[in-house]
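Peer 1: As you go down the protein sequences, you meet chains A and B in turn. For the first sequence, my numbering assigns the number 315 to the last residue and increments by one with no breaks. For the second sequence, my numbering assigns the number 244 to the last residue and increments by one with no breaks. We put the CB at the ideal spot given by N, CA and C, even for glycine.
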Amino acid sequence: MIHIKGAITWAMILVILSMFFLLTLSMGEQWINPFQASGQDAMILWELRLPRLLTAFAVGGLLALAGAWFQVLLSNPLAEPYVLGVAGSASVGAVAALMWMPDTTWVMSVGAFIGAWIGIVCVMFFAHLGTNKMLLAGVVLAAFWSAVLGLLLALLPEQGLFRAFSWMMGDLSYSDLPITLLLGAWGFALLCGFFLSRSLDILLLGERHAEALGIDVNQLRQRLLLLASAVTALAVTAAGTIGFVGLVVPHFMRLLFGSLHYRVLPASAIGGGILLMFADTIARTMIAPAELPVGILTAMIGVPVFLFLLLRRPS
Amino acid sequence: MIPLIKFNNVSIQRGKNTLFSNLNFTVTSGHITVILGANGAGKSSLLLAMAGLIPVLGDIDLMGKPLQLYHPYDRTQLIAWQGELPPTEFGLTVEQRLCLVNDCPKRINHVASDMDITILLSRALAQLSSGELQRVELAALILRDAPIWLLDEPTSHLDLKHQIHFVHTLKKHSTKGRDIILILHDLQQAKVLADFLILIDTQGDVHYGKCEDLFNRQTLTQTFDASLVDQESALMPDYGVTIS
């Protein structure tokens with residue numbers, strides 16, 4: 001009985017995913033029916049929209065997975081992928097790179113990737129002090145990065161400001177990373193999630209209980225920190241800092257599917273992907289032919305949904 | 001007198017505080033041992049050390065073999081530790097929490113009804129009172145079926161009815177051969193349960209001995225640094241008035 005229910009749920013998720021996929025693929029400056037496209041329309045569909053949709057899906061899924069992991073790792077339901085300052089240091093890296101080589105397109109991604117890893121290494125120094133001190137160090141580091149970012153923005157020549165701004169709000173149109181890398185990372189992260197899901201469930205009981213049940217908590221925390229940070233760094237490199245996907249999606253999935261991670265993690269990986277595909281489609285159609293940074297849309301969708309969840313949630 | 005847990009020159013530090021130095025005593029197998037002591041005397045730390053959950057200086061032998069030589073999995077098969085109540089903010093249900101102990105055992109309904117939590121099984125942990133949550137934790141303990149129980153104030157949140165029931169449960173499991181070491185604050189419960197006592201006084205000195213040798217007004221007054229009165233063979237806290 002339980003298996004039938006599970007199968008129906010997953011079938012429904014796949015149907016919803018395909019529907020969203022076709023819908024967002026068709027939407028744009030003009031509506032294109034994917035089953036009848038030819039000539040220039042087909043080119044727009046398969047060479048412009050499809051790669052961008054897949055990027056959005058992978059980035060959204062990665063962010064939601066990282067969010068779910070950080071929430072368990074820090075035993076704090078309000079944690080999200082950027083809470084430890086990885087996004088801040090990535091932004092500093094991206095803007096610094098932009099100042100250095102303002103005319104190169106890929107330079108922000110490289111800068112962001114390096115910046116993200118500098119941020120991760122900084123946090124790692126505090127990992128052995130325990131969850132609370134690590135969280136505190138991460139939050140303080142995030143404030144530091146944001147100050148450095150402010151400094152760089154004040155010094156940035158005017159023509160770079162718009163690019164810096166749209167990168168900081170999250171923008172998929174600049175993504176230089178190969179789609180296969182992003183989708184591969186999505187699959188790998190999901191696989192890691194399956195292997196870790198039982199340990200993560202036990203970690204929900206607190207570190208002492210997990211230890212008493214035979215989990216090597218220190219090792220698990222280190223792996224989780226590294227994995228979640230690496231995934232965040234990749235997502236930030238691909239699309240800048242896109243807020244709220246990593247915070248809201250895991251909570252939404254917990255409400256729908258319960259707290260066990262063998263359900264929460266795949267549901268987040270797919271749900272985050274759907275949310276970002278949807279938000280990005282609106283971002284590129286709302287004021288077409290111009291585009292909005294997708295981070296604006298995720299926050300505008302994410303904040304009301306999250307506040308609604310907060311009101312519904314029993315304390 | 002089979003030794004269960006043997007302390008060889010064990011010192012325990014928490015942060016920069018040295019709680020115990022050079023402990024030497026042996027807890028014998030086949031009994032209920034109750035740990036008594038004042039707040040901050042180090043009861044919980046002593047219990048965690050026995051469970052192998054905090055680092056210590058010196059050797060603690062579990063059934064003749066140093067604790068740190070056990071594989072973590074083997075250790076958790078032998079010892080079940082229950083301490084503070086778990087965090088509840090991630091929305092696990094009672095049934096899911098019990099299934100984390102080992103793969104959703106068939107005995108779950110039996111144990112749940114014994115612990116009076118059957119109607120709570122589908123509720124989220126966050127919706128329970130602390131007493132109900134403690135009953136869930138005790139059910140998880142029983143489900144683990146480990147031969148040694150180390151319990152940190154297992155009755156602290158329970159109402160009278162469930163305290164009485166759990167005291168009976170402990171007696172029953174002890175008779176069946178389980179080794180039980182537990183921290184208690186209630187002297188009457190300690191008297192009823194304990195075969196042996198571990199007393200920790202405010203100086204960090206540990207006294208191990210038979211309950212009938214140590215459970216007296218003079219010794220316990222010294223342990224707790226508190227005033228006690230004898231009242232018809234029971235030892236009561238001295239509240240200044242006689243309870244008739």
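When DSSP labels each residue in this structure, what does B:Leu69 get in the three-state scheme?
Peer 2: Residue state, collapsed to three classes: helix.
Peer 1: For A:Gly6, which residues from the same chain have a beta carbon less than 6 Å from its beta carbon, with the 5 sequence-adjacent residues on both sides left out?
Peer 2: Counting only Cβ-Cβ distances below 6 Å, and skipping sequence neighbours, we find nothing.
Peer 1: Is the separation between the beta-carbon of A:Ala321 and that of A:Ala185 shorter than 8 Å?
Peer 2: Outside the displayed range of chain A (1 to 315) lies residue 321 of chain A, so it cannot be described from this structure.
Peer 1: Taking C-beta to C-beta, are A:Ala238 and A:Leu182 nearer than 8 Å?
Peer 2: yes
Peer 1: When you measure from the CB of B:Asp213 to every non-hydrogen atom of the ligand NAP, does any distance come out below 7 Å?
Peer 2: This structure lacks the ligand NAP, and indeed carries no ligand of any kind.
Peer 1: Going by the CB atoms, is the gap between B:Arg123 and B:Thr93 shorter than 8 Å?
Peer 2: In contact: B:Thr93 and B:Arg123 (Cβ atoms closer than 8 Å).
Peer 1: Report yes or no: do the segment 173-183 of chain B and the segment 108-124 of chain B share at least 3 C-beta pairs separated by less than 8 Å?
Peer 2: Judged by Cβ distances under 8 Å, the segment 173-183 of chain B makes no contact with the segment 108-124 of chain B, as fewer than three pairs qualify.
Peer 1: Under 8 Å, Cβ to Cβ, is there at least one residue of chain A near B:Gly131?
Peer 2: Cβ-Cβ to chain A under 8 Å: no for B:Gly131.
Peer 1: Determine the closest residue to B:Gln77 out of B:Thr223, B:Leu98, B:Asn102, with distance taken between C-alpha atoms.
Peer 2: B:Asn102
Peer 1: Chain B beta carbons: is any one of them nearer than 8 Å to that of A:Glu80?
Peer 2: no
Peer 1: Are the beta-carbon atoms of B:Gly37 and B:Lys43 separated by less than 8 Å?
Peer 2: yes
Peer 1: Starting from the N-terminal side, write out each stretch of the alpha helix (DSSP H) that is 4 residues or longer and does not extend beyond the segment 55-142 of chain A.
Peer 2: 86-100, 107-124
Peer 1: So A:Ile44 packs on A:Ser89, CB below 8 Å; how close in whole Å?
Peer 2: With 8 Å as the limit, A:Ile44 and A:Ser89 do not qualify as a contact, their Cβ atoms being about 36 Å apart.
Peer 1: Using 8 Å as the threshold, is the segment 252-265 of chain A in touch with the segment 81-99 of chain A, meaning 3 or more CB pairs across them?
Peer 2: Too few Cβ pairs lie closer than 8 Å, so no.
Peer 1: For A:Leu196, go through chain B and note every residue whose CB falls closer than 9 Å to its CB, in chain order.
Peer 2: Per Cβ cutoff of 9 Å: no residues; A:Leu196 is ~14 Å from chain B at best.
Peer 1: Hey, is A:Leu63's beta-carbon within less than 8 Å of any beta-carbon in chain B?
Peer 2: no
Peer 1: Along chain B, in chain order, which residues have C-beta atoms closer than 7 Å to that of A:Ala228?
Peer 2: Among the residues of chain B, none has a CB under 7 Å from the CB of A:Ala228; the nearest is roughly 16 Å distant.
Peer 1: Do the segment 21-39 of chain B and the segment 271-290 of chain A make contact, defined as three or more Cβ pairs closer than 8 Å?
Peer 2: no
Peer 1: I believe B:Ile245 touches B:Thr28 by the beta-carbon criterion, under 8 Å. Please report the beta-carbon distance rounded to the nearest angstrom.
Peer 2: This structure gives no information on residue 245 of chain B, because the portion of chain B shown stretches from 1 to 244.
Peer 1: List, in chain order, every chain A residue whose beta-carbon is nearer than 8 Å to that of B:Pro86.
Peer 2: Near B:Pro86 (Cβ distances below 8 Å), the residues of chain A are Leu204, Leu205, Gly206, His209.
Peer 1: Could you work out which residues of chain B lie near A:Arg254, taking near to mean beta carbons separated by less than 9 Å?
Peer 2: Phe90, Gly91
Peer 1: Assign B:Asp213 to one of three DSSP states: helix, strand, or coil.
Peer 2: helix
Peer 1: From A:Gly13 to B:His71, what does the alpha carbon distance come to, in whole angstroms?
Peer 2: Rather than Gly, the amino acid found at residue 13 of chain A in this sequence is Ile. When rounded, the distance between both Cα atoms is 42 Å.
Peer 1: Pull up the distance between the alpha-carbon of A:His261 and that of A:Asp201, whole angstroms please.
Peer 2: Counting only the Cα atoms, A:Asp201 lies some 6 Å from A:His261.
Peer 1: Consult DSSP for A:Met1 and reduce its assignment to one of helix, strand or coil.
Peer 2: Its pLDDT being 49, under 50, A:Met1 is placed unreliably in this model, and the value from its coordinates should be taken loosely. Reduced to three states, the DSSP call for A:Met1 is coil.
Peer 1: Does the Cβ of B:Pro237 have 16 or more other Cβ atoms within 10 Å, making it buried, or fewer, making it exposed?
Peer 2: exposed
Peer 1: Which of the three DSSP states is assigned to A:Met286 in this structure?
Peer 2: coil
Peer 1: Check this for me: beta carbons of A:Asp280 and A:Ala56, under 8 Å apart or not?
Peer 2: yes
Peer 1: The alpha helix (DSSP H) that contains B:Leu47, what's its start and end?
Peer 2: 43-51
Peer 1: Check the Cβ-Cβ distances between A:Pro77 and every residue of chain B, and say whether any is below 8 Å.
Peer 2: yes
Peer 1: Given a cut-off of 8 Å on the beta-carbon distance, is the pair A:Ser199 and A:Leu225 in contact?
Peer 2: no
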